[in-house]
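Chains as they are written, first to last, in the UniProt record's numbering: chain A, 1 to 504; chain B, 1 to 504. Yeah, the Cβ is synthetic: ideal placement off N, Cα and C, and Gly gets one too. This report concerns only the one structure given below.
There are 2 protein chains.
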Amino acid sequence: MGQGSENLAHIFHKVETQQCLAKDEYKASIKELRLNLLQLQAQARELSIPVVILIVGLDGSGRGDALNLMAEFLDPRHINTHNLWSPTDEELQRPLFWRYWRAMPATGEIGVFFNGWYRDPFYENALGSMGDEDFERKMRSISRFEKMLVDDGALVLKFWFHLTAKAQRERIRTYRKNPGSGFIVTREEIERVEHYSQLVLTAARGITVTNTTEAPWFLIDSYDRRFRDVQFLQNLAEGFRQAIEKKQNAPVHTTSTAPLSHWENTASILDAVDLERSVEGNGYAKQLKAQQKRLGTAAWKALEQGISSIIIFEGWDAAGKGGTIRRMVQAMDARLYKVISVAAPTDEEKKHHYLWRFWRHVPRAGFVTIYDRSWYGRVLVERVEELAQFHEWNRAYQEINDFEYQLVRHGIVVVKFWLHISHEEQLQRFRHRQETPWKQHKITEEDWRNRDKWDQYKRAVDDMVAKTSTTLAPWHIIPANSKRSARVEVIRTVSDALEVAIRK
Amino acid sequence: MGQGSENLAHIFHKVETQQCLAKDEYKASIKELRLNLLQLQAQARELSIPVVILIVGLDGSGRGDALNLMAEFLDPRHINTHNLWSPTDEELQRPLFWRYWRAMPATGEIGVFFNGWYRDPFYENALGSMGDEDFERKMRSISRFEKMLVDDGALVLKFWFHLTAKAQRERIRTYRKNPGSGFIVTREEIERVEHYSQLVLTAARGITVTNTTEAPWFLIDSYDRRFRDVQFLQNLAEGFRQAIEKKQNAPVHTTSTAPLSHWENTASILDAVDLERSVEGNGYAKQLKAQQKRLGTAAWKALEQGISSIIIFEGWDAAGKGGTIRRMVQAMDARLYKVISVAAPTDEEKKHHYLWRFWRHVPRAGFVTIYDRSWYGRVLVERVEELAQFHEWNRAYQEINDFEYQLVRHGIVVVKFWLHISHEEQLQRFRHRQETPWKQHKITEEDWRNRDKWDQYKRAVDDMVAKTSTTLAPWHIIPANSKRSARVEVIRTVSDALEVAIRK
Numbered sequence: 001m002g003q004g005s006e007n008l009a010h011i012f013h014k015v016e017t018q019q020c021l022a023k024d025e026y027k028a029s030i031k032e033l034r035l036n037l038l039q040l041q042a043q044a045r046e047l048s049i050p051v052v053i054l055i056v057g058l059d060g061s062g063r064g065d066a067l068n069l070m071a072e073f074l075d076p077r078h079i080n081t082h083n084l085w086s087p088t089d090e091e092l093q094r095p096l097f098w099r100y101w102r103a104m105p106a107t108g109e110i111g112v113f114f115n116g117w118y119r120d121p122f123y124e125n126a127l128g129s130m131g132d133e134d135f136e137r138k139m140r141s142i143s144r145f146e147k148m149l150v151d152d153g154a155l156v157l158k159f160w161f162h163l164t165a166k167a168q169r170e171r172i173r174t175y176r177k178n179p180g181s182g183f184i185v186t187r188e189e190i191e192r193v194e195h196y197s198q199l200v201l202t203a204a205r206g207i208t209v210t211n212t213t214e215a216p217w218f219l220i221d222s223y224d225r226r227f228r229d230v231q232f233l234q235n236l237a238e239g240f241r242q243a244i245e246k247k248q249n250a251p252v253h254t255t256s257t258a259p260l261s262h263w264e265n266t267a268s269i270l271d272a273v274d275l276e277r278s279v280e281g282n283g284y285a286k287q288l289k290a291q292q293k294r295l296g297t298a299a300w301k302a303l304e305q306g307i308s309s310i311i312i313f314e315g316w317d318a319a320g321k322g323g324t325i326r327r328m329v330q331a332m333d334a335r336l337y338k339v340i341s342v343a344a345p346t347d348e349e350k351k352h353h354y355l356w357r358f359w360r361h362v363p364r365a366g367f368v369t370i371y372d373r374s375w376y377g378r379v380l381v382e383r384v385e386e387l388a389q390f391h392e393w394n395r396a397y398q399e400i401n402d403f404e405y406q407l408v409r410h411g412i413v414v415v416k417f418w419l420h421i422s423h424e425e426q427l428q429r430f431r432h433r434q435e436t437p438w439k440q441h442k443i444t445e446e447d448w449r450n451r452d453k454w455d456q457y458k459r460a461v462d463d464m465v466a467k468t469s470t471t472l473a474p475w476h477i478i479p480a481n482s483k484r485s486a487r488v489e490v491i492r493t494v495s496d497a498l499e500v501a502i503r504k
Numbered sequence: 001m002g003q004g005s006e007n008l009a010h011i012f013h014k015v016e017t018q019q020c021l022a023k024d025e026y027k028a029s030i031k032e033l034r035l036n037l038l039q040l041q042a043q044a045r046e047l048s049i050p051v052v053i054l055i056v057g058l059d060g061s062g063r064g065d066a067l068n069l070m071a072e073f074l075d076p077r078h079i080n081t082h083n084l085w086s087p088t089d090e091e092l093q094r095p096l097f098w099r100y101w102r103a104m105p106a107t108g109e110i111g112v113f114f115n116g117w118y119r120d121p122f123y124e125n126a127l128g129s130m131g132d133e134d135f136e137r138k139m140r141s142i143s144r145f146e147k148m149l150v151d152d153g154a155l156v157l158k159f160w161f162h163l164t165a166k167a168q169r170e171r172i173r174t175y176r177k178n179p180g181s182g183f184i185v186t187r188e189e190i191e192r193v194e195h196y197s198q199l200v201l202t203a204a205r206g207i208t209v210t211n212t213t214e215a216p217w218f219l220i221d222s223y224d225r226r227f228r229d230v231q232f233l234q235n236l237a238e239g240f241r242q243a244i245e246k247k248q249n250a251p252v253h254t255t256s257t258a259p260l261s262h263w264e265n266t267a268s269i270l271d272a273v274d275l276e277r278s279v280e281g282n283g284y285a286k287q288l289k290a291q292q293k294r295l296g297t298a299a300w301k302a303l304e305q306g307i308s309s310i311i312i313f314e315g316w317d318a319a320g321k322g323g324t325i326r327r328m329v330q331a332m333d334a335r336l337y338k339v340i341s342v343a344a345p346t347d348e349e350k351k352h353h354y355l356w357r358f359w360r361h362v363p364r365a366g367f368v369t370i371y372d373r374s375w376y377g378r379v380l381v382e383r384v385e386e387l388a389q390f391h392e393w394n395r396a397y398q399e400i401n402d403f404e405y406q407l408v409r410h411g412i413v414v415v416k417f418w419l420h421i422s423h424e425e426q427l428q429r430f431r432h433r434q435e436t437p438w439k440q441h442k443i444t445e446e447d448w449r450n451r452d453k454w455d456q457y458k459r460a461v462d463d464m465v466a467k468t469s470t471t472l473a474p475w476h477i478i479p480a481n482s483k484r485s486a487r488v489e490v491i492r493t494v495s496d497a498l499e500v501a502i503r504k
């Protein structure tokens with residue numbers, strides 16, 4: 001338990017008043033709230049706000065009943081409740097948050113997460129299986145996750161349904177005596193009552209860390225059923241109202257390149273790349289074969305051991321991404337890999353956070369996913385073409401680092417390539433494409449336009465590498481003026497990474 | 001084994017020639033095929049043809065190597081190989097074909113299914129765990145499934161890689177001695193060699209039943225590696241070519257209402273509905289409560305027993321679908337149900353068969369999915385508004401019956417409601433909506449347009465009920481001039497259905 005945390009539980013004092021509400025007063029409030037909520041839901045839907053509601057709290061607090069009341073009041077067609085019981089095997093084979101991402105509401109929809117992403121860490125820390133340091137790290141990472149949703153326009157409201165120890169004991173006793181329809185008090189719940197004070201201290205710490213302006217906590221005094229419901233629905237309505245107001249008054253962001261002007265005279269990391277490297281004649285075929293053989297073997301072994309990998313290809317137009325990917329997959333059994341070519345998002349994808357579509361494709365244990373362009377589009381093309389605003393692409397570095405951290409922590413091998421060619425080499429390749437009949441489709445007006453923005457892209461690449469080359473997922477800048485040398489080096493790098501993971 | 005099936009295996013004679021191909025000839029053919037295939041893939045992509053390739057055959061036939069060669073030749077960004085190993089628990093909780101539907105390629109993409117949907121029934125029948133009758137039924141249902149894909153514009157090509165018994169034994173022996181990188185001959189495979197003759201007879205029967213013009217089988221003599229690859233790729237190219245030609249020369253279908261003209265003077269099933277039924281004053285509240293209580297209890301029990309249910313609401317505009325659904329979900333814990341309001345398909349959904357979007361949402365074991373409008377839109381609004389062509393909606397009855405059959409066979413409770421009101425009652429409700437400020441948004445120009453087409457809709461409902469009211473999934477036509485009576489009856493019907501399933 002962290003220092004001074006014994007005193008943290010005082011945050012719950014103001015919801016331990018055991019206040020009650022008379023029936024008449026309840027009925028009047030509820031009637032008004034019902035109408036309000038339905039209207040607020042419709043307004044949020046019109047404004048395309050995705051709403052995330054977390055229902056967390058003590059056993060016996062009746063948070064399930066409160067949830068049912070809310071569900072009854074809102075338009076059921078645009079609300080989806082997720083009770084994430086034990087993870088399925090498809091979920092277990094992916095990073096923890098995959099199950100939350102797949103349940104994330106689209107714009108205009110409401111996603112209710114019963115127990116949210118808090119229950120497990122709360123219990124694990126309270127019962128001692130998760131140390132305090134891990135717990136705090138976990139809470140901070142949850143905070144970043146929630147901030148990311150809010151930054152993207154979501155409304156995140158978190159409710160903690162509280163009871164005093166005495167009230168909880170009584171409540172559980174009553175439930176046991178009068179089991180409602182289907183509602184069962186489990187042995188586990190009864191045992192957990194014994195850990196009331198640990199749990200409440202942990203919750204106090206967790207709530208304190210994660211109670212942010214972006215994703216606030218609402219503490220609900222749950223002693224009296226009527227008082228509980230009214231408080232809950234009032235806070236919910238207030239949360240909706242604030243989000244709607246915020247959205248309506250949102251400042252119009254304009255893209256700004258100012259913060260990066262100091263870069264102009266700075267040397268680029270790309271200038272240091274030795275582009276003269278190449279592989280001589282026969283050496284190429286031999287080296288390529290050798291590396292492909294390594295990769296093919298490693299891919300099968302990775303399957304056996306359940307090690308997934310994600311290989312990302314970014315690089316200049318005509319840098320040879322497609323050809324390199326083809327040489328790479330030649331080495332592997334077709335049942336083991338999947339190539340994802342990142343194009344414009346679909347309309348379902350557009351209704352979610354930009355990382356959602358990449359979470360969708362996180363591979364199951366043992367498989368290889370190859371990205372021909374990737375989530376880095378956010379800080380490359382979307383930045384340069386001003387498709388994302390400054391505050392959007394600027395916060396993406398941290399979001400991407402968090403995402404990759406989760407992948408790597410789950411045991412996924414992440415390898416990132418930037419295929420680098422010189423400005424002159426690109427020109428020659430463009431010309432060659434134009435002159436070769438069956439390559440003409442590979443060169444478009446857009447490629448020439450991108451070429452004109454070479455320096456802006458260069459700056460974006462510098463920022464990207466500087467900000468997202470982490471120990472866990474470093475960038476590999478591959479000199480690619482010689483296609484052959486680039487192919488061999490890429491396949492060697494992937495094999496190295498897989499072999500290291502396999503040996504572990 | 002069916003009568004005369006002993007002779008069926010002769011279908012394989014022509015691929016037991018053990019023909020070989022010289023290296024030079026192989027190289028020349030392969031080079032040409034490579035170019036052809038890449039072009040054909042691009043053409044199919046331009047024509048938005050989804051391509052389904054099934055790679056099936058005997059162990060040791062090298063079908064995996066052939067698949068890898070194909071994957072190497074085609075554009076890897078638009079091909080996806082599915083080796084459906086043991087089903088995951090998410091798959092086990094849904095009808096068998098859910099796993100194939102979720103892997104189905106979108107238009108312009110290629111989906112390769114290793115072992116397809118044939119391997120399991122072939123082995124089960126050959127090794128005796130699936131009787132001949134079940135096997136034939138299974139094959140016929142597969143044929144209908146494939147026909148459905150093809151009717152929708154897909155190309156379905158099926159390959160059987162064949163070997164003689166002697167050649168298979170030798171091949172497996174060689175593999176065991178020289179295990180390739182990662183390739184392992186399992187004990188299971190060695191044992192299966194003993195069942196060669198049963199398996200080949202079963203395969204012959206299965207292939208004979210499912211070898212249709214729509215989804216043809218290609219038998220590949222796999223004795224010689226080079227001969228095998230060339231045959232395979234040639235047949236593949238030929239399949240592509242024919243599909244492209246067919247698509248380019250496709251007749252322009254025009255919607256025709258002719259086949260149904262004999263209906264004009266026929267009595268409608270809806271005319272026989274007694275619309276005068278109603279529930280008196282206090283009786284309503286009491287009856288509703290009683291039925292809601294039954295439903296709430298049944299929903300928890302269904303969760304315990306892993307029984308899912310799908311409740312479908314269709315009916316006239318203003319028939320009270322929304323209000324009825326709200327009364328229904330009031331009865332259930334919000335964690336147990338999901339309401340899906342069927343709107344226009346998303347662009348991802350448009351790239352698939354119209355049933356794909358419904359397969360996506362098939363609930364996991366124990367949950368309730370409620371559809372506010374459903375797949376019946378195909379034979380109602382899409383028919384009447386001519387959004388689907390005659391041949392499209394006309395074949396949908398059979399497709400829907402097949403779909404629901406799979407749901408029910410998996411143990412899912414399917415309940416279908418048509419909420420029926422009179423033409424006059426609809427007019428009154430429309431007017432009431434127009435006059436009530438907070439109901440005005442519920443009435444649009446489209447509602448009035450639909451109302452003008454009352455008779456056409458009536459005819460469509462008659463056809464729908466006649467053709468899709470099956471023993472397993474009957475239609476319930478609910479008189480709904482009295483909203484109260486309709487609500488009670490709907491909830492009672494659902495409770496009945498759930499209780500019957502729970503008692504089983």
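Cα-Cα separation between residue i and residue j, rounded to whole angstroms
i	j	result
residue 147(B)	residue 232(A)	53 Å
residue 395(B)	residue 308(B)	27 Å
residue 136(B)	residue 411(B)	22 Å
residue 503(B)	residue 215(B)	42 Å
residue 492(B)	residue 129(A)	47 Å
residue 367(A)	residue 340(A)	13 Å
residue 259(A)	residue 391(A)	With a pLDDT of 49 at residue 259(A), under the threshold of 50, the modelled position of that residue is not reliable, and the figure given next carries that caveat. Straight-line Cα distance between these residues: approximately 11 Å.
residue 288(B)	residue 34(A)	21 Å
residue 420(A)	residue 457(A)	12 Å
residue 219(A)	residue 370(B)	33 Å
Selected residue, minimal CA-CA separation from residue i, among the options
i	options	result
residue 464(B)	397(B), 87(B), 449(B)	397(B)
residue 236(B)	155(B), 407(B), 399(B)	155(B)
residue 74(B)	441(A), 334(A), 498(A)	334(A)
residue 153(A)	51(A), 495(A), 128(A)	51(A)
residue 143(B)	372(B), 165(B), 450(B), 207(B)	207(B)
residue 506(B)	53(B), 78(B), 120(B)	Residue 506(B) lies beyond the stretch modelled for chain B, which goes from 1 to 504, so this question has no answer here.
residue 27(B)	226(B), 402(B), 248(B), 300(B)	226(B)
Per DSSP, the bridge partner or partners of residue i
i	result
residue 475(B)	416(B)
residue 338(A)	369(A)
Short Cβ contact (8 Å threshold) for residue i with residue j
i	j	result
residue 319(B)	residue 404(B)	no
residue 60(B)	residue 168(B)	yes
residue 106(B)	residue 499(B)	no
residue 328(B)	residue 200(B)	no
Helix, strand or coil at residue i according to DSSP, with G and I counted as helix
i	result
residue 68(A)	helix
residue 273(B)	coil
residue 158(B)	strand
residue 368(A)	strand
residue 197(A)	helix
residue 142(B)	helix
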